[in-house]
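Residue numbers (our numbering), protein chains in the order written: chain A, 1 to 218; chain B, 219 to 436. Where is the CB? At the ideal position from N, CA and C, for every residue including glycine. In what follows, a single structure is set out as structure tokens and then discussed.
There are 2 protein chains.
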Amino acid sequence: MVETLVRTVTASEPPAHDRVYRGLRQQVMHGELVPGQALTLRGIGKQYGVSMTPAREALRRLTAEGALTLSASGRVTTPELSNDRIEELAQIRALLEPELGSRALRRAHLALIDRMEVINEANARAIHLQDPVEYIRTNLEFHRTLYLRAQSPAMLGLLETVWLQLGPTMRALYTKLRRTTAPPHHRLILEALRAGDDAALRLALRTDVTQGLRHLQG
Amino acid sequence: MVETLVRTVTASEPPAHDRVYRGLRQQVMHGELVPGQALTLRGIGKQYGVSMTPAREALRRLTAEGALTLSASGRVTTPELSNDRIEELAQIRALLEPELGSRALRRAHLALIDRMEVINEANARAIHLQDPVEYIRTNLEFHRTLYLRAQSPAMLGLLETVWLQLGPTMRALYTKLRRTTAPPHHRLILEALRAGDDAALRLALRTDVTQGLRHLQG
DNA sequence: CGGGCGGGTTTGTGATCACATTTGGCATGG
DNA sequence: CCATGCCAAATGTGATCACAAACCCGCCCG
């Protein structure tokens, strides 16, 4: 355990804890982890080739964002959300996403819509291939591409913490219902964007969000 | 530095990093810290009688919530918000708080309103005494008492991170304008609650939030 | 055959240390 | 008087260790 004493610094790499954080964050948000999955300091450390200290910081950061759950004894797991909690998080999405979409609408140009179109095709492919992680990833990227244009970094930041909390659950839901049909309301979103129709866009975003998550609830 | 080797454990105290976190969080949210205030690991550690490790975890957690800002070199300070950012955070409050109030309205009973009345009187006292920290504290407690009834823990959690981000700025604003007049719209909020008027409550909350922060913006 | 109890193992917590980078201020030179 | 370079102090980062609590699993007793 002494082989990495010399860190060949090429160009000031990002800190180790940040690398660990980003890796885990992506795993959580994209649904690569199942709800209830346990994460240990030494396990994460070994996985990323670092000691416990950076692993601890990464986990602390993620739990602070709600991406992970801290048990009373300090154990860290991916969250197992109650149906009430899922419902509430969906309502938060339904509150924030139309607002972000509406703000983005004024600034949306054609290149943006084209880019969303491309992402949406990748999303359809992921559905056809039954690839849950890729489905979640492209779906979030579709939405984020739009919301980035809203120029509201704080609101987008809040929304991303909501996505983080839903990550493992979305994965579980997806593998449970195994949909093979096309993505539901993305076409409506794109049409509203092209038409510059604010009300239609808000509605399409809201239904896309609530529809996607209300399929379980039982 | 070896005097605390024996930790007289009486009844399983909370972890040190949590104690540090709570202390700092309250300082930030209540505006006890000025924007741009620097916090060092060793300084925090000495202040709370712990080593760097718990201090680091507390700071990491707070920066993850947006309560503190991390410079490129890893230094931690309280945030100095741009006017745009203040405006955006106010808009988020204006989006979340009417929603939370509306949800609480159905479940609000007289005892709750009485309690808010008491808090509001303490708030008026703080204004009269020109006590910014106590003003901010009672003002937030007034709102939180209402929102707790909404039974929407995730949404309230998001809102609290917004409050956290605004904490130092609210302090700076308060000491800058030194208002001595009564709190603006709290009476309207209480009246709407008593009347069970959803629309009036939403409006009163929204204006209370935006009014309070739009006084600077320069 | 089921449930409580034990003990080895795993795990989080906090302290400490070495190290590289950054910072801040002061002297020097223009 | 201001800019610049330099050095000591301050600071964040990551590794390692000791320790107590929690956990897990199998054994034994009822």
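Going by DSSP, B:Arg396 is part of no alpha helix (DSSP H) at all; its letter is neither H nor E. According to DSSP, residue pairing for A:Val76 in a beta bridge involves A:Leu39, A:Leu70. In this structure, the CA atom of B:Ile331 is about 15 Å from the CA atom of B:Leu423. Where B:Arg274 is concerned, the enclosing alpha helix (DSSP H) starts and stops at 270-282. For A:Ala195 and B:Leu288, the gap between their C-alpha atoms comes out near 41 Å. Under the Cβ distance rule, B:Leu313 counts among the residues neighbouring chain A, one pair being separated by less than 8 Å.
Collapsing the DSSP output to three states places B:Gln369 in coil. Boundaries of the alpha helix (DSSP H) around A:Val28: 16-29. Interface annotation, B:Leu307: in contact with chain A, CB-CB separation under 8 Å. In this chain, the alpha helix (DSSP H) harbouring A:Val118 covers 110-128. Taking a C-beta distance under 8 Å as the contact criterion, A:Asp197 and A:Ser102 do not qualify as a contact pair. For B:Ser370, the chain A residues whose C-beta falls within less than 9 Å of its own C-beta are Glu88, Gln91, Ile92, listed in chain order. Per the coordinates, the alpha-carbon of B:Thr281 lies some 11 Å from the alpha-carbon of A:Arg60. The beta-carbon of A:Ala16 is placed no less than 8 Å from the nearest beta-carbon of chain B. With respect to the C-alpha of B:Thr271, the residue from B:Asp236, B:Ala322, B:Gly249 having the closest C-alpha is B:Asp236. By the criterion of a C-beta distance shorter than 8 Å, A:Leu190 is surrounded in its chain by Ile113, Met116, Glu117, Asn120, once the five residues flanking it on both sides are discounted.
The beta carbons of B:His403 and B:Gln429 sit closer together than 8 Å. In this structure, DSSP gives A:Leu156 a helical state, which the three-state scheme calls helix. Looking only at B:Thr393, B:Leu286, B:Thr295, B:Met388, the smallest Cα-Cα distance to B:Glu305 is reached by B:Met388.
Under the three-state reduction of DSSP output, B:Val252 falls in the coil class, being neither helix nor strand.
Counting C-beta pairs closer than 8 Å gives three or more between the segment 157-168 of chain A and the segment 24-39 of chain A, which meets the contact rule.
Comparing C-alpha distances from A:Ile136 to each of A:Thr77, A:Pro168, A:Leu81, A:Ala16 shows the shortest one belongs to A:Pro168. Residues of the same chain with a CB within less than 6 Å of the CB of B:Glu298, apart from the 5 flanking positions on each side, are Pro253, Gly254 in chain order.
Annotation: Cβ neighbours of B:Ala282 in chain A (cutoff 7 Å, chain order): Arg61, Ala64, Glu65. Against chain B, the beta carbon of A:Met155 has neighbours under 7 Å at Glu306, Ile310, listed in chain order.
Within the same chain, Ala55 come within 6 Å of A:Ile44 by CB-CB distance, once the 5 residues on both sides are set aside.
Around B:Arg274, the beta-carbon contacts reaching into chain A at under 8 Å are Glu57.
Here B:Ala276 really is in contact with B:Tyr239; their C-beta atoms are around 4 Å apart, less than 8 Å.
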